[in-house]
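Chains as they are written, first to last, in my numbering: chain A, 1 to 340; chain B, 341 to 680.
By construction, the Cβ of each residue, glycine as well, lies at the ideal position given by its N, Cα and C atoms.
Keep in mind it's a predicted model, so treat the numbers as computed, not measured.
Here the structure comes first, spelled out in structure tokens, and everything after it is commentary.
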């Protein structure tokens with residue numbers, strides 16, 4: 001696991017951009033002595049940093065994809081953006097992975113359009129590792145595919161299960177379908193058909209799960225379409241933020257409650273950390289070649305550091321190669337309708 | 341608001357059944373002196389209760405719909421179940437509303453099949469009032485319709501907006517479409533088409549909102565298909581439960597943290613209450629005649645009491661009549677494709 005690996009990093013990604021990405025990359029380089037980084041961005045940002053840091057190479061780019069731009073259009077037009085160039089480095093095998101905390105949509109588009117899908121994969125999926133007090137869980141797809149077919153969900157299950165095994169070390173991951181009832185016949189037409197397909201084609205399918213199961217610790221992977229997955233992910237983030245905010249109001253009420261806050265501070269810090277996506281730092285786009293990893297737009301230095309380290313880990317573990325070897329037979333059996 | 345109103349109540353509803361429903365009904369009768377209740381259930385449960393309580397009439401039924409039964413089949417077959425008979429009382433105008441904490445699916449089925457849709461309404465929708473520290477918000481649909489058309493979502497917006505105005509007293513409710521991005525072109529095909537339709541036909545449409553907006557307090561109503569709405573609702577419940585559980589672990593760690601717990605107890609109790617659906621106690625099935633109200637399966641006595649009182653309030657306010665008057669013109673304009 002200490003093989004040399006090269007990760008391309010988007011210096012401009014995230015709400016805070018280079019001011020957070022650069023120290024994050026520096027921390028990742030310091031922690032992993034076999035990590036090489038190709039930092040993509042404007043000359044005045046990436047060149048001085050590369051000169052000052054061992055194992056970091058500058059890749060000068062002249063364009064930037066902003067958060068609000070239409071992903072596919074931006075990726076098609078801005079061929080010299082840090083995001084597109086970073087993906088091209090993976091495509092050309094000069095890097096084994098790419099990390100960006102930039103526009104999720106643009107990373108998904110560039111991952112699919114520039115790096116390219118693994119043969120047999122109908123739709124790449126965004127596979128988020130959700131922090132939880134019990135244990136981290138996987139939600140897949142989290143937003144790459146708003147409209148899905150049952151066949152896509154079967155592949156999401158296969159890919160996310162591989163990720164759970166190799167990266168999270170879950171020997172026999174319990175894979176559930178996110179649905180609105182535990183019975184087989186429950187849910188939308190998509191959910192019902194996906195249930196039947198998973199039952200038939202995915203060994204060890206654990207059945208339906210509901211929204212209240214996601215953080216409860218009984219399953220390792222939740223398979224869903226990208227619309228539902230994204231709403232679920234953001235609902236968890238929003239609920240946690242609202243509750244922690246309300247709790248902080250309770251603690252600030254008066255001198256006695258402030259004393260209480262001081263007494264539980266250690267435990268609260270641990271709890272907050274157990275809920276923070278900063279510890280993983282990056283979600284993979286599964287189903288494309290190489291390790292294409294998306295960081296949260298609000299990433300801080302710690303999240304970027306962990307995102308780059310996770311990208312290196314995913315690249316070293318060869319997740320995309322394992323997916324390529326596993327997905328192919330399903331295509332041959334005719335289950336998967338190849339996407340456009 | 342103190343007019344006499346009659347609410348039929350399912351004595352068998354909920355995980356705890358009559359042991360929780362009866363004291364809940366007694367408390368509601370004690371609080372609202374113009375409330376009449378028709379209690380539906382087995383003779384040995386409803387008759388003694390009716391004898392002991394003023395303004396309560398027993399309606400003996402001989403069948404019961406269990407939580408796991410297929411809703412439509414159960415409603416069709418068990419015509420003398422407490423749930424079906426309660427709905428029939430509304431249909432026959434002997435009661436203005438019906439409350440059950442039983443199988444949500446069965447209440448939805450009975451509401452639609454026994455009581456009947458308001459003319460012009462394509463699909464009745466489950467409209468949940470979500471507790472939140474900021475202010476309660478409405479999520480509609482929460483599970484009545486797993487597969488939706490854009491036209492349904494337009495009606496959900498109209499009906500939920502009426503509920504927000506009349507029952508929650510929001511003068512100009514901010515109605516948003518639950519989606520996976522703020523831009524118009526974001527989301528699934530359904531979300532994109534619903535956005536366009538809402539923009540065109542629903543005056544004051546506030547645009548897209550995301551999962552993290554639901555509890556944040558900027559909107560009053562979130563319109564969505566029943567699949568996404570149900571996942572969102574249960575995700576909020578599960579996240580809150582997980583966090584409150586983890587927090588309770590922090591407080592139980594040692595004598596000092598237990599002291600802290602004692603110091604913030606009042607604030608925590610208030611916070612817990614602000615998150616509890618017991619305060620509303622019931623969600624309406626909008627789009628059917630009368631006030632058909634669903635309680636949470638895990639309802640306690642307090643939740644049943646509030647559910648019955650909310651049912652009385654919704655019936656007195658004439659929500660279904662206002663919906664009937666408002667929805668009709670839309671049908672005439674050809675926007676709504678009448679459902680089967």
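* Is the stretch 172–183 of chain A close to the stretch 540–550 of chain B, with three or more CB pairs under 8 Å? -> No, they do not touch.
* Neighbouring residues, chain B, relative to residue 208 (chain A) (Cβ below 8 Å) -> Near residue 208 (chain A) there are no residues of chain B at all, since even the closest Cβ is about 11 Å away, more than 8 Å.
* Asked: Would you say the stretch 360–373 of chain B touches the stretch 317–329 of chain A, given that touching needs at least three Cβ pairs under 8 Å?
  -> Contact annotation: the stretch 360–373 of chain B does not touch the stretch 317–329 of chain A, with fewer than three C-beta pairs closer than 8 Å.
* Asked: Among all the DSSP beta bridges, which residues are the ones paired with residue 385 (chain A)?
  -> With chain A represented from 1 up to 340, any question about residue 385 (chain A) goes unanswered, as that position is not in the structure.
* To do: Alpha carbon to alpha carbon, how far is residue 243 (chain A) from residue 335 (chain A)? Give it in angstroms, no decimals.
  => Low confidence applies to residue 335 (chain A): its pLDDT is 48, below 50, so where it sits in the model is not reliable, and the reading given next is rough at best. Using only the alpha carbons, I get a separation of about 43 Å.
* What is the DSSP secondary structure of residue 325 (chain A), counted as helix, strand or coil? -> In the structure shown, residue 325 (chain A) sits in a helix (DSSP, three-state: H, G or I).
* Asked: Would you say residue 518 (chain B) faces chain D, with C-beta separation under 8 Å as the test?
  -> In the displayed structure, chain D is absent; the protein chains listed are A and B.
* Between the stretch 578–597 of chain B and the stretch 491–508 of chain B, do at least 3 Cβ pairs fall closer than 8 Å? -> Touching, no.
* To do: List the residues of chain B whose Cβ lies closer than 8 Å to the Cβ of residue 232 (chain A), in chain order.
  => Simply 551, 571, 572 and 575.
* Anything in chain A within Cβ reach of residue 464 (chain B), meaning under 7 Å, just list it in chain order. => Listed along the chain, the chain A residues whose CB falls inside 7 Å of the CB of residue 464 (chain B) amount to none; the nearest CB is some 17 Å away.
* Among B:376, B:408 and B:398, which one has its Cα closest to the Cα of residue 355 (chain B)? -> Answer by Cα proximity: B:408.
* Starting from the beta carbon of residue 251 (chain A), find every residue of chain B whose beta carbon is closer than 7 Å, and list them in chain order. => Near residue 251 (chain A) (Cβ distances below 7 Å), the residues of chain B are 604.
* Could you tell me whether the Cβ atoms of residue 453 (chain B) and residue 425 (chain B) are closer together than 8 Å? => Here residue 453 (chain B) is not near residue 425 (chain B), since their CB atoms are 8 Å or more apart.
* Three-state secondary structure assigned by DSSP to residue 205 (chain A) -> Reduced to three states, the DSSP call for residue 205 (chain A) is coil.
* To do: In the DSSP assignment, find the unbroken alpha helix (DSSP H) run with residue 284 (chain A) in it and report its ends.
  => Note, residue 284 (chain A): premise wrong, no alpha helix (DSSP H); beta strand (DSSP E) at 283–286.
* To do: Might you give, ordered along the chain, the residues of its own chain that have their beta carbon closer than 6 Å to the beta carbon of residue 100 (chain A), omitting 5 neighbours on each side?
  => Residues of the same chain with a CB within less than 6 Å of the CB of residue 100 (chain A), apart from the 5 flanking positions on each side, are 10, 13, 83 and 107 in chain order.
* To do: Could you check if residue 61 (chain A) is buried or exposed, using at least 16 other CB atoms within 10 Å of its CB as the buried criterion?
  => Label assigned to residue 61 (chain A): buried.
* Helix, strand or coil for residue 247 (chain A) per DSSP? -> DSSP, reduced to helix, strand and coil, places residue 247 (chain A) within a helical segment of the structure shown.
* Does DSSP classify residue 293 (chain A) as helix, strand or coil? -> DSSP, reduced to helix, strand and coil, places residue 293 (chain A) within a strand of the structure shown.
* Please state whether DSSP places residue 317 (chain A) in a helix, a strand or coil. => Correct three-state label for residue 317 (chain A): coil.
* **the stretch 607–621 of chain B touching the stretch 266–278 of chain A, judged by at least three CB pairs closer than 8 Å** => Not touching, per the Cβ criterion.
* **Residue closest to residue 46 (chain A), alpha-carbon to alpha-carbon, out of A:18, A:65 and A:118** => Nearest option by C-alpha distance: A:18.
* Element boundaries [beta strand (DSSP E), containing residue 496 (chain B)] -> No beta strand (DSSP E) holds residue 496 (chain B); the alpha helix (DSSP H) holding it covers 490–506.
* Contacting residues, own chain, Cβ-Cβ under 8 Å from residue 3 (chain A) (five flanking each side not counted) -> The residues are 34 and 316.
* To do: Output yes if chain B places a C-beta closer than 8 Å to the C-beta of residue 340 (chain A); else output no.
  => Low local confidence applies: a pLDDT of 35 at residue 340 (chain A) is under 50, so the model's placement there is unreliable, with the coordinate-based value given in what follows. No, its Cβ sits nowhere closer than 8 Å to a Cβ of chain B.
* Expressed to the nearest angstrom, what Euclidean distance is found between the alpha-carbon atoms of residue 234 (chain A) and residue 651 (chain B)? -> Rounded to the nearest angstrom, the two C-alpha atoms are 32 Å apart.
* Limits of the unbroken alpha helix (DSSP H) element including residue 110 (chain A) -> 104–110 is the span of the alpha helix (DSSP H), which, as asked, contains residue 110 (chain A).
* Mind checking which residues open and close the alpha helix (DSSP H) that includes residue 341 (chain A)? => Summary: the structure shown does not reach residue 341 (chain A), with chain A confined to residues 1 through 340, and so no result is reported for it.
* To do: Give every residue of the same chain whose Cβ lies closer than 8 Å to the Cβ of residue 473 (chain B), excluding the five residues on either side of it in the sequence, and list them in chain order.
  => Cβ neighbours of residue 473 (chain B) beyond the five flanking positions: 555, 611, 614 and 615.
* Asked: Mind pulling the chain A residues with CB within less than 9 Å of residue 416 (chain B)?
  -> By Cβ distance, chain A contributes nothing, its closest Cβ being about 16 Å from residue 416 (chain B), past 9 Å.
* Asked: When the Cα atoms are used, what is the spatial distance from residue 597 (chain B) to residue 296 (chain A)?
  -> The C-alpha of residue 597 (chain B) lies about 33 Å from the C-alpha of residue 296 (chain A).
* **Residue-level contact to chain B via CB, residue 73 (chain A), 8 Å cutoff** => Interface criterion not met: the Cβ of residue 73 (chain A) is under 8 Å from no Cβ in chain B.
* Spatially closest choice to residue 120 (chain A) from A:151, A:36 and A:52, by CA coordinates -> It is A:151.
* Taking the C-alpha atoms as reference points, what is the distance between residue 162 (chain A) and residue 323 (chain A)? -> Rounded to whole angstroms, residue 162 (chain A) to residue 323 (chain A) spans 7 Å at the Cα level.
* **Terminal residues of the alpha helix (DSSP H) in which residue 602 (chain B) lies** => Counting along the chain, the alpha helix (DSSP H) containing residue 602 (chain B) begins and ends at 595–614.
* **Residues that residue 401 (chain B) bridges to, as DSSP identifies them** => BP columns for residue 401 (chain B) are empty, so no partner.
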